[in-house]
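Under this note's numbering, the letters of the sequence shown match residues -8 to 604, in that order. Ideal Cβ positions, reconstructed from N, Cα and C, are used throughout, including at glycine.
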Amino acid sequence: MDNATKDMPWLIIYPHLFLIKPMTKPLYGPMVFGAITCSLLGLVGWFHVQFTEVEPPTLDSKAVFVFQGLTGPTEKTVVAPSSLSLPQAYAIGGPSRLALLLTEERSNWLGLAHGLKSIGVPFVVTQDYREALKHRVILVYPTITGTSFSREAIRALAAVPRDGGTLIATQVLGGGLEEVFGYSEVAEALHNKEIRWNRAHPLMERMTDPAEWATQLNGKQENSVGTYSYRQARGALGSYPDGSVAVTAKDYDRGHAYAIGIDLGALLLKGYNNRADGFTTSFDNRFDPTLDVWLRLLKGMYQAGEPNAVTIGTVPFGKSLSVMFTHDVDFTQSMANAVGYAEFERSKGLTGTYFIQAKYIRDYNDDIFFDEQGVRYLARLAELGMELASHTVAHSASFNSFPMGTGEEQYPGYRPFVKTRSKAYGATILGELRVSKFLIDRLGGGRAMVSFRPGELSNPFGLPQALVATGFRYSSAATANNSLTHLPYQLTYDRLSESEVDIFEFPVTIEDEELPPMGERIPQALVLAKQIARYGGTVVVLIHPNILGHKLEFEKQFYEAVKDWAWFGSLREFGDWWSARNLLHVDVAGKADRMMVSINAPRRISGVTIEVL
């Protein structure tokens, strides 16, 4: 299937006896029933700080480095207004897909759509129950009440599990479906903190880590997800700490029914929008699979209920883990040291991502290092084949409170000044993005940059649409545990629920600022990598190159330990692969003795694993 072109469907036809190729479970990889490897053409601030926009102090000439004759960018940046994402954008697909049946369009359905994309489950979104009935696995969202459907529709949905299909629904509050889902009544359950999963259920078979046996539901009191419990349930997949049932599980002769007592889309968006305050006790360096457990359960329900189930792998070229070595270059000595890391990476055929602070102003944070000597180091990184990316101009912890800006900010007139850890003057979100991008693109000699990470992972709500406006495509502005996931995900406008943007987030998994020193944490990091690799997750490693020593040794030992079962690349390389994967359309048509898999790849991609039952 080489040289696949835009909008051209590809057909793969195999007889059943040949299609399902037995595979052994990789040492640290996900179980794959059958695989076809195809070649197709922050953490919201480490703490909260306030920004007050006043005139910056007068800077003398020694406090600003000016590249003579260099001015830009000259074009104005315009941030587009929010545009409502419509279910119709996800409406096309065959009957082998999961059907997401919406009862309310103004809901958090984008969280589910983005989650299903991340875990690789093909799906369609519809508001017509008759369309949903063409599919064997139906997920009704966000609620079922007495007014959600007509009597005819309720009868038809009730028949799905009896006829061998799978019916999943969130927040089943009425409609007379108690018998279908196997409970007697529903009750509001106030502020439950977690769900404890039934490890004896077949869907939990691959959840072998203790962190997967109980997952968080709520953080701080003011940041909670409403919960419902199902009384006298005949079967339970998950329960609240008081023993009441959170997720029912009722099996039929060939079908299944599951009632989920939470707004799952809202929970997913709390993680994806970096609004899960109080959900986790660690930012990174530890395994928190909160959202991944839910997504893997949905994937398992789909695979168990759809005879022609096919899913899209999460790691390039059939590997078990995706690894990115990234470096935040935000200290005077870091520019020179970065070259040392890059030379090691080049020697192993790796491409690291270097988030460069365009530090041309002396202030509270540090001296100037984005000068003529700094640019020589920058050019050397590009010469070694590394990805150059933006780490802002000011590297301010108060970036999350900056105003958006005019879109006309320009070097050398743009002069943000950091006075203290909590105060910066004369800075804007657009200024930080467009000026840093202009300088590094112009002076670095590499490809036009597409990746961004803010200083201190200070993450403003308006960042997603600002990244789009300034030409970025990939963000690493959050941590994995604050995102509650070890998989990449698509962002939304203002980090809300109604409008998706074409930016993907790759949260930080392992970083170097926690004690003990990074070089002493190699065993723990390898345990974490193996935990994540069991289901094809992602590890983004953040190393500040302020020193070489134990940090460089960590990178070397980590690489040697996982190289046989991990894919390595830059944020750009993985982002290009992931965003192309996000556009794939995979459908299956099965007949008596054969299965036809149709793959439509609008964007060039290679190394995609298609998992077939």
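Less than 8 Å separating the beta-carbons of A333 and V320?
-> no
Using DSSP with H/G/I as helix, E/B as strand and the rest coil, what is Y465?
-> strand
Work out the CA separation of V131 and G340 for me, nearest whole Å.
-> 47 Å
So who's on the other strand from R187, going by DSSP bridges?
-> A205 and S230
Identify the residues that DSSP records as bridge partners of M315: which are they?
-> V531
Return helix, strand or coil for I352, following the three-state DSSP convention.
-> strand
Would you decide whether I590 is buried or exposed? Buried here means 16 or more other CB atoms lie within 10 Å of its CB.
-> buried
Could you check which residue in L259, A388 and K350 has the C-alpha nearest to that of L101?
-> L259
Is there contact here, the region 288 to 305 with the region 535 to 545, by at least three beta-carbon pairs under 8 Å?
-> no
From the DSSP output, which residues share a beta bridge with Y174?
-> In DSSP, Y174 forms no bridge with anything.
Should Q324 be labelled buried (16 or more other beta-carbon atoms within 10 Å of its own) or exposed?
-> exposed
If we ignore side chains and look at the alpha-carbon of each, how far apart do V564 and A123 end up?
-> The sequence shown places Glu at residue 564, not Val. Going by the C-alpha atoms only, they are around 36 Å apart.
Select from T483, K521, L562 and K554 the residue whose C-alpha is nearest the C-alpha of L75.
-> T483
Can I135 and A104 be called in contact, C-beta distance under 8 Å?
-> no
Strand pairing of R222, partner residues [DSSP] | E176
Candidates I251, E496 and G246: closest to S220 by CA position = I251
As assigned by DSSP and simplified to three states, the class of Q481 = strand
With a cut-off of 8 Å, do at least 3 Cβ pairs link the region 459 to 474 to the region 496 to 507?
-> yes
Spatial distance of T344 from Y465 (CA atoms) = 12 Å
Please look up how many angstroms separate the CB atoms of E505 and N265, rounded, as I've assumed it's under 8 Å.
-> Rounded, the Cβ-Cβ distance is 19 Å, inconsistent with contact.
Cβ-based neighbour list, F360, same chain, cut-off 6 Å, excluding 5 preceding and 5 following | T323, M326 and K350
According to the neighbour-count rule (16 or more other Cβ atoms, all chains shown, within 10 Å of its Cβ), is T529 buried or exposed?
-> buried
Within the same chain, show all residues whose beta-carbon is closer than 6 Å to that of T271, passing over the 5 residues directly before and after it, in chain order.
-> D279 and N472
Just list the alpha helix (DSSP H) runs in the region 384 to 440, keeping only unbroken ones of 4 residues or longer that don't cross its boundaries, in chain order.
-> 420 to 435
For K241: DSSP bridge partner residues | A248
Can you tell me whether DSSP reads T199 as helix, strand or coil?
-> coil
Nearest CA to the CA of G229: which residue from D244, I186, L574 and M395?
-> I186
Give a yes or no on whether the C-beta atoms belonging to G396 and L421 are separated by under 8 Å.
-> yes
Whole-angstrom C-beta distance between F346 and H318, which should lie under 8 Å = 7 Å
Relative to the C-alpha of Q481, which residue among L574, G417 and V177 is closest?
-> L574
Three-way DSSP call (helix, strand, coil) for A607 in this model | Here the chain covers residues -8 to 604 and nothing more, so residue 607 does not appear.
Can you check DSSP and say which residues form a bridge with F559?
-> V314
Mapping DSSP to helix, strand and coil, what is N591?
-> strand
May I ask which residues mark the beginning and end of the beta strand (DSSP E) holding A380?
-> E378 to S381
Among all the DSSP beta bridges, which residues are the ones paired with T161?
-> I251
Over what stretch of residues does the alpha helix (DSSP H) that includes M281 continue unbroken?
-> The question names Met, yet the displayed sequence has Thr at residue 281. Start and end: T281 to G296.
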